[in-house]
Amino acid sequence: MQLTTQEFNEIRNYIFKLSGIEIRDEKQYLVQQRLEPVVRSFGLNNFTDLIQRMTIDGDMRLRDKVIEAITTNETFFFRDIHPFDTFSNYILPELGERIKKRKSLSSGRKGAKVSIWCAASSTGQEPYSLAMLISEYAETNKYAGIGTNDFSILATDISSEVLAKAISGEYTEMEMGRGLSDYMKKKYFTRKGPNWLVDDTIQSMVDFRRVNLSETFVMLGGFDVIFCRNVLIYFSDDVKKKIIDQFDQMLSDNGFLVLGACESLSMVSNAFENVRHNETIVYKSKKKQPARFTDWQETAP
Ligand SMILES: C[S@@+](CC[C@H](N)C(=O)[O-])C[C@H]1O[C@@H](n2cnc3c(N)ncnc32)[C@H](O)[C@@H]1O
Numbered sequence: 093m094q095l096t097t098q099e100f101n102e103i104r105n106y107i108f109k110l111s112g113i114e115i116r117d118e119k120q121y122l123v124q125q126r127l128e129p130v131v132r133s134f135g136l137n138n139f140t141d142l143i144q145r146m147t148i149d150g151d152m153r154l155r156d157k158v159i160e161a162i163t164t165n166e167t168f169f170f171r172d173i174h175p176f177d178t179f180s181n182y183i184l185p186e187l188g189e190r191i192k193k194r195k196s197l198s199s200g201r202k203g204a205k206v207s208i209w210c211a212a213s214s215t216g217q218e219p220y221s222l223a224m225l226i227s228e229y230a231e232t233n234k235y236a237g238i239g240t241n242d243f244s245i246l247a248t249d250i251s252s253e254v255l256a257k258a259i260s261g262e263y264t265e266m267e268m269g270r271g272l273s274d275y276m277k278k279k280y281f282t283r284k285g286p287n288w289l290v291d292d293t294i295q296s297m298v299d300f301r302r303v304n305l306s307e308t309f310v311m312l313g314g315f316d317v318i319f320c321r322n323v324l325i326y327f328s329d330d331v332k333k334k335i336i337d338q339f340d341q342m343l344s345d346n347g348f349l350v351l352g353a354c355e356s357l358s359m360v361s362n363a364f365e366n367v368r369h370n371e372t373i374v375y376k377s378k379k380k381q382p383a384r385f386t387d388w389q390e391t392a393p
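According to this note's numbering, the stretch in the sequence shown is residues 93 to 393, in order.
So this is what it looks like as structure tokens:
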């Protein structure tokens, strides 16, 4: 099935408008290769039918499939491992201190004391990995008065389909075999037929929502940590800049931003200080004022 240059241009313009994903000229063959199975699985005859169904009929399921095929939703538990080691050994102890401080500032206030956002979380392995580490940390620090309910985790993605899978919390044997230790598997998952189900204790720590990073999202609120990995690579510099500017507004003073191994803020923003922690670069928000969206004032109430 041939993708003409005109069809290629229509498709990439539409994808850019929809998601901020930039497809360069030399990717015509790749787009053809990735979208041909989508055309077939939707019973369409050719790429012109796909364009019509997506742009004029507004088929959301097809749009999601096209974006997934272009970006891939590749993910796995504890992907690249070192950012998760950094989260456990460097970020979590700092969050523990913040929790204690915020509790002392506002002892009557219920609910989470620190907030974590996992943006572009795909099928959920990344936010569940963070939740398992938080659970381990809370277990070790329970005598310091820290519990899992001191943490909130928001996980978002543009694709409703990957979000539905993430919410189900169900993973195949093969997915479980990618990155998950036997210890974590035994402790936090139970069998469901041939598959595995993440335990309620972990699942209930994560809220899933559909968020398109190419749109305005600052109203999601303030966060102490943002994980946004392996998605910025798909965006144009302009879109990337808008995303990072919003992250900066949303992060608390000294908030942490963790990007994918191939992603960086050079040329995009100088609002962050780079802190290298072993193999991971953590971007720390440099702002001196409390974040616009954080209502935790680090002064006496
Ligand atoms: C390669 S996966 C990365 C998953 C996970 N962060 C990781 O590193 O393992 C990229 C994800 O970005 C999502 N995505 C693509 N464009 C997006 C957008 N404009 N807004 C939000 N999510 C988007 C895709 O649906 C996909 O699930």
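The beta carbon of each residue, even a glycine, is placed where N, CA and C say it ideally should be.
Cutoff 8 Å; reference residue i; Cβ partners in own chain excluding five residues on either side
i: Thr147; result: Glu102, Tyr106
i: Leu225; result: Phe176, Phe179, Ser180, Leu184
i: Ser361; result: Lys333, Ile336, Asp337, Asp340
Residue j beta carbon less than 8 Å from that of residue i
i: Tyr229; j: Leu184; result: yes
i: Phe243; j: Ala204; result: yes
i: Asn370; j: His174; result: yes
i: Leu357; j: Ile318; result: no
i: Leu142; j: Leu122; result: no
i: Ile245; j: Thr163; result: no
i: Phe169; j: Leu255; result: no
Spatial distance of residue i from residue j (CA atoms)
i: Arg301; j: Ile238; result: 26 Å
i: Asp403; j: Tyr326; result: Any property of residue 403 remains undetermined from this structure, which presents the chain solely from 93 to 393.
i: Lys376; j: Thr232; result: 26 Å
i: Arg153; j: Glu160; result: 11 Å
i: Leu351; j: Gly314; result: 18 Å
i: Ala247; j: Val310; result: 15 Å
Residue-chain proximity (residue i, chain D), Cβ-Cβ < 8 Å
i: Ala353; result: You won't find chain D in this structure, because it holds only one protein chain.
Sequence-distant residues of its chain with Cβ nearer than 6 Å to residue i (five each side left out)
i: Phe139; result: Leu95, Glu99
i: Leu289; result: Gly261, Glu262, Thr282
i: Met93; result: Glu128
i: Leu324; result: Lys332, Glu355
i: Lys257; result: Thr215
i: Gln144; result: none
Presumed contact (8 Å Cβ cut-off) between residue i and residue j, rounded CB distance
i: Ser207; j: Asp340; result: Actually they do not touch by this definition, with Cβ atoms about 16 Å apart.
i: Lys157; j: Val131; result: 10 Å between Cβ atoms; not a contact.
i: Gln217; j: Thr167; result: 5 Å
i: Ile259; j: Tyr280; result: About 16 Å separates the two Cβ atoms, so there is no contact after all.
Beta-carbon contacts of residue i that lie in its chain and below 7 Å, excluding the five residues immediately before and after
i: Arg155; result: Leu110, Met146
**the stretch 328-345 in contact with the stretch 294-312 per 3-pair CB rule at 8 Å** = Under the 8 Å Cβ criterion, the stretch 328-345 counts as touching the stretch 294-312, having at least three qualifying pairs.
**Three-pair Cβ contact test at 8 Å for the stretch 196-203 versus the stretch 282-301** = no
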